[in-house]
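Trainee: In the UniProt record's numbering, the protein residues as written are 1 to 328. Okay, here's the structure, questions in a sec.
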Ligand code: PMP
């Protein structure tokens, strides 16, 4: 048999996209839902568990959706324009990287403020895309980075802050895209969605789009056990980057959710590692947190035969210098 006899369709690869993209920004969204057959078997799950792999976004995280949407929405409203407005955002996480690719692609200058302790990989990714990184003293934490961003905005006449924790475009874009994709790809069979809560945009947007559409559909947030403020505990330090900011942001509508589950850092890492080892899907730590919470539901008789979707916000490689890789 020669190579030319092989039939591409037999390999089950994705079909061609049937189009050319004029900008990297247009490649955002449309991420795949993927089953985890080996986890399902090993844990004897009652439910069908699917992961929504947000690392298929252009810069590898769920935040690409809001990075693109917050900038495009402000542009449409005439609040910002390329070459004039300087974008300023305090973030030590994926949001900076997501804003950076859109800023570069659309011709904006971007200043990201972050505490000194933020990982070198992130700083370098930002600089690679020509963002300006301003480090603030680590003893002041995120509050220091936020204060510095406000100072810069005061100093600059044409500066604008996308403001992921307050901007209503954040939950809105998840309702318009993330939620609609889950609905379309499961043909409406989705019964439960589990999403980690950072800004709360993902969980809120999905809940507000899908719950009115199907009676009994549930959407659960997930927060770190070590900082379970939505369950009435005190904020505390934890290692699940991207979730558990220690306050309740304006972009999180807790009333729209069916509850907020908790996962410890240890459980999140264990779940993320099992996902990589058993099903070949190396996810980030917050994905492990949502996966752990979803596995607990999927084992229950109550969820027998239901379709549960867990959001996997990012890829393991973004956490190379963290405890996800300890001992490896
Ligand atoms: N996980 C990771 C890795 C993230 O970067 C984020 C975004 N902060 C989340 C989860 C949570 O998403 P959201 O802000 O929409 O609640």
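Glycine residues also receive a C-beta, built at the ideal position from the N, C-alpha and C atoms. Nothing here was measured: the structure is a model prediction, and the numbers come from that model.
Flag this pair as yes or no: are the beta carbons of residue 193 and residue 184 separated by less than 9 Å?
Mentor: Here residue 193 corresponds to residue number 193 of the chain shown, with the count starting at 1. Here residue 184 corresponds to residue number 184 of the chain shown, with the count starting at 1. No, the Cβ-Cβ distance between residue 193 and residue 184 is not below 9 Å.
Trainee: Can you tell me where the beta strand (DSSP E) with residue 311 in it begins and where it stops?
Mentor: Within the chain shown, numbered from 1, the residue matching residue 311 stands at position 311. For residue 311, the uninterrupted beta strand (DSSP E) segment begins and ends at 307-312.
Trainee: Where does residue 102 sit, in a helix, a strand or coil, going by DSSP?
Mentor: Your numbering for residue 102 matches position 102 in the chain shown. DSSP places residue 102 in helix when its eight states are reduced to three.
Trainee: With distances taken from CA atoms, which of 286, 259, 211 is nearest residue 229?
Mentor: Counting from 1 along the chain shown, the entry for residue 229 is found at position 229. Residue 229 has its Cα closest to that of 259, out of 286, 259, 211.
Trainee: Look up residue 296 in the DSSP assignment and say whether it is helix, strand or coil.
Mentor: Walking along the chain shown from the start, residue 296 turns up at place 296. If DSSP states are grouped into helix, strand and coil, residue 296 belongs with the helices.
Trainee: Using only the heavy atoms of the ligand PMP, determine whether one of them is closer than 8 Å to the beta carbon of residue 164.
Mentor: Here residue 164 refers to the residue found at position 164 when the chain shown is read from its first residue. Flag set: Cβ of residue 164 near the ligand PMP.
Trainee: According to DSSP, is residue 37 helix, strand or coil?
Mentor: Translated into positions along the chain shown, residue 37 becomes position 37. Here residue 37 sits in helix by DSSP.
Trainee: Three-state secondary structure (DSSP) at residue 109?
Mentor: Counting from 1 along the chain shown, the entry for residue 109 is found at position 109. Strand.
Trainee: Suppose only complete runs of 3+ residues qualify. What are the beta strand (DSSP E) ranges in the segment 207-269, listed by chain order?
Mentor: Qualifying beta strand (DSSP E) stretches, in chain order: 218-224, 259-263.
Trainee: So residue 41 and residue 311 are supposed to be a Cβ contact under 8 Å. How far apart are they, rounded?
Mentor: Here residue 41 refers to the residue found at position 41 of the chain shown. Here residue 311 refers to the residue found at position 311 of the chain shown. With a Cβ gap of about 22 Å, residue 41 and residue 311 do not count as contacting.
Trainee: Verify the contact flag: residue 174, CB atom, against every heavy atom of the ligand PMP, threshold strictly below 8 Å.
Mentor: Taking the first residue of the chain shown as position 1, residue 174 is located at position 174. For the ligand PMP, at least one heavy atom lies less than 8 Å from the Cβ of residue 174.
Trainee: For residue 315, write down the residues that DSSP places opposite it in a beta bridge.
Mentor: By 1-based counting over the chain shown, the position of residue 315 is 315. For residue 315, which the question treats as bridged, DSSP gives the partners 283.
Trainee: For residue 411 and residue 32, I'd like the C-alpha separation in whole angstroms.
Mentor: Residue 411 lies beyond the stretch modelled for the chain, which goes from 1 to 328, so this question has no answer here.
Trainee: Is the segment 46-63 touching the segment 314-326 in the sense that three or more CB pairs, one from each, lie closer than 8 Å?
Mentor: Short answer: they touch.
Trainee: Do residue 86 and residue 100 have their C-beta atoms within less than 9 Å of each other?
Mentor: In the chain shown, residue 86 corresponds to position 86, counting from 1. In the chain shown, residue 100 corresponds to position 100, counting from 1. Result no, Cβ atoms of residue 86 and residue 100 do not sit closer than 9 Å.
Trainee: I need the DSSP call for residue 45, collapsed to helix, strand or coil.
Mentor: In the chain shown, residue 45 corresponds to position 45, counting from 1. Here residue 45 sits in coil by DSSP.
Trainee: In the DSSP assignment, what are the bridge partners of residue 159?
Mentor: Reading the chain shown from its first residue, position 159 is the one you call residue 159. In DSSP, residue 159 forms a bridge with 86.
Trainee: Which residues bound the beta strand (DSSP E) around residue 134?
Mentor: In the chain shown, residue 134 corresponds to position 134, counting from 1. Run containing residue 134: 132-136, per the beta strand (DSSP E) assignment.
Trainee: Judging by CA-CA distance, which residue of 116, 246, 241, 239 is the nearest neighbour of residue 233?
Mentor: For this step, residue 233 is matched to residue 233 along the chain shown. The shortest Cα separation from residue 233 among 116, 246, 241, 239 belongs to 246.
Trainee: Take residue 201 as the anchor and find which of 24, 37, 62 has the nearest alpha-carbon.
Mentor: Counting from one through the chain shown, the residue named residue 201 turns up at place 201. With distances taken between Cα atoms, residue 201 lies closest to 62.
Trainee: For residue 61, which residues does DSSP report across the bridge?
Mentor: Counting from 1 along the chain shown, the entry for residue 61 is found at position 61. Answer is 314.
Trainee: Please list the terminal residues of the continuous alpha helix (DSSP H) segment that includes residue 185.
Mentor: By 1-based counting over the chain shown, the position of residue 185 is 185. 180-185 is the span of the alpha helix (DSSP H), which, as asked, contains residue 185.
Trainee: If you draw a straight line from the C-alpha of residue 231 to the C-alpha of residue 22, how long is it?
Mentor: If you number the chain shown from 1, residue 231 lands on position 231. If you number the chain shown from 1, residue 22 lands on position 22. In a straight line, the C-alpha of residue 231 is about 45 Å away from that of residue 22.
Trainee: Give me the Cβ distance between residue 225 and residue 254, rounded to the nearest whole Å; I'm assuming they're in contact under 8 Å.
Mentor: Taking the chain shown and counting its residues from 1, one reaches residue 225 at position 225. Taking the chain shown and counting its residues from 1, one reaches residue 254 at position 254. Actually they are not in contact, since the Cβ atoms of residue 225 and residue 254 sit about 18 Å apart, beyond 8 Å.
Trainee: Under 8 Å from any heavy atom of the ligand PMP, does the C-beta of residue 219 make it?
Mentor: As a first step, residue 219 is located in the chain shown; it is residue number 219 there, counting from the start. Not so, every heavy atom of the ligand PMP lies at least 8 Å from the Cβ.
Trainee: Rank 115, 107, 45 by C-alpha distance to the C-alpha of residue 144 and give the top, closest one.
Mentor: Residue mapping note: residue 144 aligns to position 144 of the chain shown, counting from 1. For residue 144, the nearest C-alpha among the options comes from 115.
Trainee: I need the boundaries of the beta strand (DSSP E) containing residue 193, first residue and last residue.
Mentor: Reading the chain shown from its first residue, position 193 is the one you call residue 193. Per DSSP, residue 193 belongs to the beta strand (DSSP E) from 190-196.
Trainee: For residue 137, which residues of its own chain have a beta-carbon under 8 Å away from its beta-carbon, when the five flanking residues on both sides are left out?
Mentor: Working through the chain shown from its first residue, we reach residue 137 at position 137. Contacts found: 115, 116, 144.
Trainee: Determine the DSSP secondary structure at residue 129, reduced to helix, strand or coil.
Mentor: The residue you call residue 129 lines up with position 129 of the chain shown. In the structure shown, residue 129 sits in coil (DSSP, three-state: anything other than H, G, I, E or B).
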